[in-house]
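Only one structure is covered here, and it is reproduced in the block below.
Numbering (the numbering used here), first residue to last: 2 to 292.
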């Protein structure tokens with residue numbers, strides 16, 4: 002099926018460990034056709050609220066960093082959190098210490114740890130498909146790879162979770178349950194679900210990136226394995242998970258994409274408002290000017 006120079010193809014993705022989830026794959030020949038499709042997203046997909054994640058290599062799987070390390074998330078996160086908290090007086094500035102004394106929940110602490118580079122179960126998504134596109138395009142280490150954007154409908158998570166958690170929802174809202182991520186929970190308190198949250202403590206980077214975390218609330222099943230509980234063949238024609246892939250592009254085409262996103266004020270320095278972000282913008286200017 003052709004639309005906006007895009008080939009639609011519905012496939013079932015299977016991982017090497019046997020876990021699988023269904024998603025629609027939309028393949029684009031050019032950045033221009035992908036950009037046009039993203040600009041018409043709400044018209045093309047009125048069925049739900051989607052969150053977006055860009056991958057600079059379309060072969061990368063949807064896994065948070067700690068899952069890629071192949072460790073027990075809850076145990077390692079709890080030990081890492083303890084070490085992180087002990088290190089704050091040694092390594093944090095006075096300004097940081099004031100900020101870091103305010104978190105109350107483990108979810109907030111994991112967000113802080115990930116913000117500073119530690120591995121956690123949290124997977125970053127954005128409300129903006131174009132911010133996701135920037136992260137797919139601006140990684141110069143994967144210049145010769147196909148790029149992709151994952152689009153995940155939050156309604157599918159909420160619908161299944163409401164059905165599975167009916168008893169708990171008599172006293173709590175879904176967001177209360179999602180945010181109550183307790184790494185010290187007993188085995189029976191963990192839930193084999195995916196949840197999502199906007200951190201109560203808003204970092205400037207998360208705010209600028211229109212960010213949301215999606216994560217497993219299980220101590221046994223990781224993010225990728227839980228996806229199959231929500232997305233199967235039945236979701237293809239209702240509210241599917243979508244993978245938008247653009248084929249390998251030449252350097253000048255990638256440069257054009259980066260320039261287009263800059264006109265939308267999507268740059269490293271707008272998403273990472275510090276000297277590191279500005280330095281990466283200089284790298285982007287060097288790349289696009291030479292192409």
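C-beta: ideal position from N, C-alpha, C; glycine also.
Name the residue from the options whose alpha carbon lies nearest to the alpha carbon of residue i.
| i | options | result |
| --- | --- | --- |
| residue 284 | 123, 142, 171 and 105 | 142 |
| residue 58 | 52, 144, 40 and 91 | 144 |
| residue 236 | 49, 173 and 289 | 49 |
| residue 127 | 65, 239 and 152 | 152 |
| residue 211 | 77, 31 and 131 | 131 |
| residue 36 | 274, 265 and 269 | 265 |
| residue 251 | 27, 32 and 28 | 32 |
| residue 207 | 168, 230, 129 and 87 | 129 |
| residue 26 | 60, 76 and 221 | 60 |
| residue 238 | 83, 221, 76 and 47 | 47 |
| residue 157 | 231, 65 and 12 | 231 |
| residue 76 | 253, 229, 221 and 276 | 221 |
| residue 40 | 133, 168, 172 and 229 | 133 |
Which residues in the same chain have their Cβ closer than 8 Å to the Cβ of residue i, if we skip the five residues on either side of it in sequence?
| i | result |
| --- | --- |
| residue 163 | 170 and 175 |
| residue 16 | Low local confidence applies: a pLDDT of 42 at residue 16 is under 50, so the model's placement there is unreliable, with the coordinate-based value given in what follows. The residues are 62 and 225. |
| residue 166 | 175, 178, 192 and 194 |
| residue 119 | 81 and 85 |
| residue 64 | 124, 223, 224 and 225 |
| residue 43 | none |
Are the Cβ atoms of residue i and residue j separated by less than 8 Å?
| i | j | result |
| --- | --- | --- |
| residue 24 | residue 243 | yes |
| residue 117 | residue 182 | no |
| residue 219 | residue 193 | yes |
| residue 180 | residue 198 | yes |
| residue 114 | residue 213 | no |
| residue 149 | residue 245 | yes |
| residue 184 | residue 70 | no |
| residue 215 | residue 124 | yes |
| residue 72 | residue 147 | no |
Which same chain residues, not among the five before or five after residue i, have their C-beta less than 7 Å away from its C-beta?
| i | result |
| --- | --- |
| residue 217 | 122, 195, 223, 224 and 227 |
| residue 255 | 138 and 144 |
| residue 289 | 256, 259 and 260 |
| residue 287 | none |
| residue 209 | 271, 272 and 274 |
| residue 140 | 57 |
Let's test the definition: count the other Cβ atoms within 10 Å of the Cβ of residue i and tell me whether it reaches 16, buried, or not, exposed.
| i | result |
| --- | --- |
| residue 233 | exposed |
| residue 249 | exposed |
| residue 279 | exposed |
| residue 294 | The requested residue 294 does not occur in the structure, where the chain is confined to residues 2 to 292. |
| residue 55 | buried |
| residue 87 | exposed |
| residue 22 | buried |
| residue 29 | buried |
Skipping 5 residues on each side, what residues in its chain have a beta carbon closer than 6 Å to that of residue i?
| i | result |
| --- | --- |
| residue 74 | 67 and 122 |
| residue 306 | Any property of residue 306 remains undetermined from this structure, which presents the chain solely from 2 to 292. |
| residue 154 | 49, 51 and 240 |
| residue 18 | The predicted position of residue 18 is uncertain, since its pLDDT is 46 and thus under 50; no value can be drawn from it. |
| residue 269 | 278, 281 and 282 |
| residue 105 | none |
| residue 297 | Coverage of the chain is limited to positions 2 through 292, which leaves residue 297 absent and any answer about it impossible. |
At a Cβ threshold of 8 Å, is residue i touching chain B?
| i | result |
| --- | --- |
| residue 263 | No chain B is present in this structure, which holds just one protein chain. |
>> Going residue by residue through the region 144-182, where are the continuous alpha helix (DSSP H) segments of at least 4 residues, counting only ones entirely within it?
In response: 155-165 and 175-180
>> Report the start-end ranges of each alpha helix (DSSP H) in the region 82-135 that is 4 residues or longer and not cut off at the edges.
In response: 95-101 and 107-116
> Which runs of the alpha helix (DSSP H) spanning at least 4 residues fall entirely within the region 15-54, listed in chain order?
Replying inline: Entirely contained in the region 15-54, the alpha helix (DSSP H) runs reaching 4 residues are, in chain order, 32-40 and 42-45.
> Could you give the uninterrupted runs of the beta strand (DSSP E) lying entirely in the region 203-270, keeping only those of 3 residues or more?
Replying inline: 212-217 and 243-247
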